[in-house]
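Just add 38 to the spot in the sequence shown (first one is 1) and you have the working numbering. Taking it in order: structure first as structure tokens, then the write-up.
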Amino acid sequence: MSDERNMIAETVERLFEEHLDTTVIEVAESGIWPTALWDEIAANGLDRVLVPAEQGGIGGSWEDAFVIIRAAGRHTAPVPLAETIGAGWLLAQAGLDVPEGPLSLTDDIARVPWAAQAVQILIAAGDGAFTVREPGETEIIPDRNIGRDPRDGITDPGTATQHTGEVQTIGALVRSCQMAGAIAEVLELCVTYAGERVQFGRPIGKFQAMQQKLALLAGESAAAGIAAQSACRAIDRDEDAMFAIAIAKIRTGEAAGKAAAISHQVFGAIGFTDEHHLHHLTRRLWSWRAEFGGERIWSERLGRAVAEQGADNLWPGLTQGF
């Protein structure tokens with residue numbers, strides 16, 4: 039990791055450790071916007087990591103963004119940080135100004151992340167295009183996902199200027215990064231609990247069956263992190279990142295389901311109680327897995343793209359990249 043990226047990692051971890059705890063998450067889940075948390079994020083410029091320096095951003099890379107979004111997922115930050123980073127990049131790539139404040143992006147106007155708080159919403163318009171809407175241009179219908187984060191409905195935005203940018207693809211990428219972070223935190227919680235919880239005279243982590251579950255979970259966490267980070271690297275290298283992003287969304291989605299199942303087996307009923315942090319992670323994993331296309335949608339898209347390359351290009355594509 040570069041010195042600059044280490045500084046970003048240290049900054050984001052310190053920020054979340056100091057300004058985000060279970061109380062903040064629960065208050066946000068009750069419908070109150072966490073103003074203090076967002077203000078700290080904005081003050082440190084984390085939401086503008088991919089915004090060019092000439093627009094007041096950091097001008098960082100997608101690998102820098104991975105560090106931030108992964109941490110947001112690990113800490114279950116109840117703010118649209120991932121959406122703002124992704125939307126800011128899309129706006130900048132389209133040659134548009136990136137406004138200050140929370141941003142949102144969606145491929146489904148019935149499920150828009152934090153529509154009521156966003157200063158702009160990027161809406162997928164098909165064929166690699168998006169439109170931009172601002173507050174007051176649509177009616178907002180409040181709603182929430184299983185993670186209890188806002189997923190508001192908005193009325194049909196009607197016609198608007200279209201700009202080039204793959205909202206669903208970038209949405210899938212940021213969700214992959216969030217899931218990678220949340221799965222890593224689930225693993226850490228499980229390993230700690232298995233070492234502390236005593237049953238039949240010894241920690242449950244000493245039992246072979248539990249060790250096997252934790253080993254499987256560790257493998258899923260590693261695979262998810264590598265897939266998401268590799269997709270970020272693909273964009274930084276100016277490669278056709280669709281293949282890498284498709285793989286990341288498929289792999290992290292699969293890992294999310296397994297991580298949720300294993301972790302609740304490890305913790306038992308206590309993991310579902312309001313007082314425990316585990317369900318804050320697993321509820322969001324279930325939600326993020328389905329958003330911006332689940333495994334089936336991305337598997338079909340990936341399969342079609344590979345088939346279009348032709349049989350002669352299959353092996354070179356697998357070994358050298360499509």
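For glycine and all other residues, C-beta sits at the position ideal for the given N, C-alpha and C. Just so you know, these numbers come straight off a predicted model, no measurement behind them.
To the nearest angstrom, how far is the alpha carbon of A116 from that of V62? It should be pointed out that residue 116 corresponds to Pro in this sequence rather than to Ala. Looking at the two C-alpha atoms, the distance is approximately 8 Å.
Reference D276, options A110, W100, E48, closest by Cα: W100
Start and end residues, alpha helix (DSSP H) containing Q93: Careful: Q93 lies outside any alpha helix (DSSP H) and carries neither H nor E.
Among L58, E56, V105, the one whose alpha carbon lies nearest that of D405: For the chain, the structure presents residues 39 to 360; residue 405 sits outside this window and is missing.
Inter-stretch contact (C-beta, 8 Å, three-pair minimum) for the segment 115-131 and the segment 193-211: yes
First and last residue of the beta strand (DSSP E) that includes T169? 167-171
6 Å CB neighbourhood of G83 in its chain, flanking five on each side removed: I96
Three-state class that DSSP yields for S259 in the structure shown: helix
Contact set for P173: own chain, Cβ-Cβ below 6 Å, skip 5 residues either direction: none
With the cut-off set at 8 Å, would you say K244 and I300 are in Cβ contact? no
Ordered list of alpha helix (DSSP H) runs contained in the segment 107-138, each at least 4 residues: 119-131
Do A154 and P180 have their CB atoms nearer than 8 Å? yes
Assuming F330 contacts Q206 (C-beta within less than 8 Å), just tell me the rounded distance between them. 5 Å
Other residues of its chain near A198: CB distance less than 6 Å, five sequence neighbours each side excluded: T169
Using the C-alpha atoms, what's the distance from G348 back to L58? 49 Å
Note down, in chain order, each residue of its chain lying with its Cβ closer than 8 Å to the Cβ of T49, except the 5 sequence neighbours on either side. N82, L84
Touching by the beta-carbon criterion (3+ pairs, under 8 Å), the segment 253-268 and the segment 286-298: yes
Taking T114 as the reference, give the member of W127, L141, G185 with the closest Cα. G185
Would a C-beta distance cut-off of 8 Å place A120 and A109 closer than the cut-off? no
Taking buried to mean at least 16 other C-beta atoms within 10 Å of its own C-beta, is Q246 buried or exposed? exposed
Unbroken beta strand (DSSP E) run spanning D276, endpoints: It is not in any beta strand (DSSP E) - D276 carries neither H nor E in the DSSP assignment.
Under 8 Å between the Cβ atoms of I283 and S259? no
Please state whether the Cβ-Cβ distance between T320 and A298 is less than 8 Å. yes
E56: buried (16+ other C-beta within 10 angstroms of its C-beta) or exposed? exposed
Going by C-alpha distance, which of R240, V150, R182, A253 is nearest R171? V150
Alpha-carbon spacing of E64 relative to E346, whole angstroms: 47 Å
Does DSSP classify V150 as helix, strand or coil? strand
DSSP has D190 in a bridge; who is on the other side? V150
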